[in-house]
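In my numbering, the protein residues as written are 93 to 477.
Just so you know, even glycine gets a beta-carbon here, dropped at the ideal spot from N, CA and C.
Comments concern the structure below.
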Amino acid sequence: RGLMLPGPQGQLITVDSVSSDRNLAGATFTVTGTQSVASAAQLRSAGQAYPSFIERDGFLALPDPDPTGGIAAIHALAQQWTAQTTNPYDAATAIESHLRDPRLFRYTLSPPLPKSGLNIWPVTYFLTTSHAGYCQYFAAAMGTMLRSLGIPARLVNGYGPGSTSGAAVRGVENATTYTVTSNDAHTWVEAYFAGFGWVPFEPTPPSSAGDYAPFTRGTTVPSTVPPPTSASAAPTPTAGAASRGGSQGAGGGAAGVAVAVVLRVGGAAGALAVLVALFAAWLLRPRAVAGVWRRLALLGALAGMRREASLTFAEYADRLAAALPPGSALPRQALAEIAASSSRALYAREGGEGDAARAAAAWRRLVRALPRDGWRMLRRRRVTP
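Following this line, the structure appears as structure tokens:
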């Protein structure tokens, strides 16, 4: 899916998503992009004679009248931050600098929420109270502030530059392979300047989730590859790291119990029985969404389906369902429920324990059918290379 230029034979100019009925691993795609080469001086002198589509397509629009007074508060703050500026470009860079200032705002994957019953727009709460959030918060805040000052703005969803294993080749002109996954997903801001078009800004401050730097201005397009995000990039608002640490601790404890029991039993048969019992208990009791997906990865490996980092929950569940043997007793609906519950638990504002529990319950329904279908999948893998 993408955006086409007007006309009967419009040219594809953006791509939102790609779907295929075959594995695209190893396929090569050629893409082109544009980058503004306007200098800061040129952008300062651009003026505000905006084309008609700016108003028509809502690039100056703000939310409907906010009963909490959020727009008025944001507009007042934008005026305060840009009081010393005389043109839209300097106003935009002033807002960008304020949001990137670590003394004023901080990046977090778990932003604090307004107290229960407090009727306040999340962007207003971020700017006036919490001062903490992830890229969507920073981008939405800057976009709203720009529009409140009459500067056309839009938010862009895309990806950071990814990462490459060859650190020595960073910054050279030769072609370099970068791996970009869903962990590199990012949101930033573009402001419109008459005569120059949409110009990007980066309001999100550097953090362990990505070292995003302000965009370069000038008439020369940089020939080097932009610096990649941190290898620890994980802009997914969850407690995934805590879940991983907790699971490792639980695994270590289980291993210690297993060793103690094995020593007491003192026989190979007893040791095997204990290990099987421990594995069954582990398999049936994921503690969090991350645990469900670790176990689901084992099922995928059994079916010959490796989970690619670029796949969403729903995409992987669909592919895994298609990879199951004909007549499989595994409930495919449970896969879809795991995907939907995981997405809500990790990304929805109201997601939480309820959705994580639903994902775990759906996983247990899958496990009950494994004794029959597991052998079938193993036999099929031995026969089919």
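- The criterion of a C-beta distance shorter than 8 angstroms is not satisfied by Trp374 and Ser434.
- Assignment of Asn249 by DSSP, reduced to helix, strand and coil, places it in the strand class.
- For Glu282, the three-state secondary structure derived from DSSP is strand.
- Pro292: not part of any alpha helix (DSSP H); member of the beta strand (DSSP E) spanning Gly289 to Phe293, first to last residue.
- Take the alpha-carbon of Leu438 and the one of Thr296: they are about 21 angstroms apart.
- Exclusion of the five residues before and after Val459 leaves Leu375 and Leu376 as the residues of its chain whose Cβ lies within less than 7 angstroms of its Cβ.
- In the DSSP assignment, Pro306 falls outside any alpha helix (DSSP H) and carries neither an H nor an E.
- Close CB contacts of His223 within its chain, under the 6 angstroms cut and outside five residues either way in sequence, are with Phe197 (chain order).
- In the DSSP annotation of this structure, the continuous segment of the alpha helix (DSSP H) that includes Val215 starts and ends at Pro214 to Tyr217.
- The three-state reading of DSSP puts Ala153 in coil, since its state is none of H, G, I, E or B.
- Judged by DSSP in its simplified three-state form, Thr174 adopts coil rather than helix or strand.
- The C-alpha of Lys207 is placed about 36 angstroms away from the C-alpha of Phe307.
- The C-beta of Glu147 has fewer than 16 other C-beta atoms within 10 Å across all chains shown, which makes the residue exposed.
- Taking the C-beta atoms as reference points, Tyr304 is found no nearer than 8 angstroms to Val272.
- According to DSSP, Arg198 shares a beta bridge with Ala224.
- In this model, Val248 and Asp276 are separated by some 14 angstroms (Cα to Cα).
- Of the residues Phe285, Gly446 and His278, the one whose Cα lies closest to the Cα of Gly254 is His278.
- As the crow flies, the alpha-carbon of Ile430 is around 40 angstroms from that of Arg239.
- Taking the CA atoms as reference points, Arg436 sits about 32 angstroms from Ala283.
- The C-alpha of Ala382 is placed about 9 angstroms away from the C-alpha of Ala448.
- With 16 or more neighbouring CB atoms inside 10 Å of its own CB, Gly225 falls in the buried class.
- With a cutoff of 8 angstroms on beta-carbon distance, Gly287 and Trp213 are scored as not near each other.
- For Leu391, the closest of Arg379, Leu403, Tyr408 and Thr404 by C-alpha to C-alpha distance is Tyr408.
- Distance between Asp193 and Thr221, taken at the CA atoms: about 16 angstroms.
- The criterion of a C-beta distance shorter than 8 angstroms is satisfied by Arg136 and Tyr181.
- Beta-bridge analysis with DSSP links Ser299 to Gly302.
- Going by DSSP, Tyr408 is part of the alpha helix (DSSP H) stretching over Phe405 to Ala415.
- With contacts defined as CB atoms closer than 8 angstroms, Glu188 and Phe285 fail to qualify as a contacting pair.
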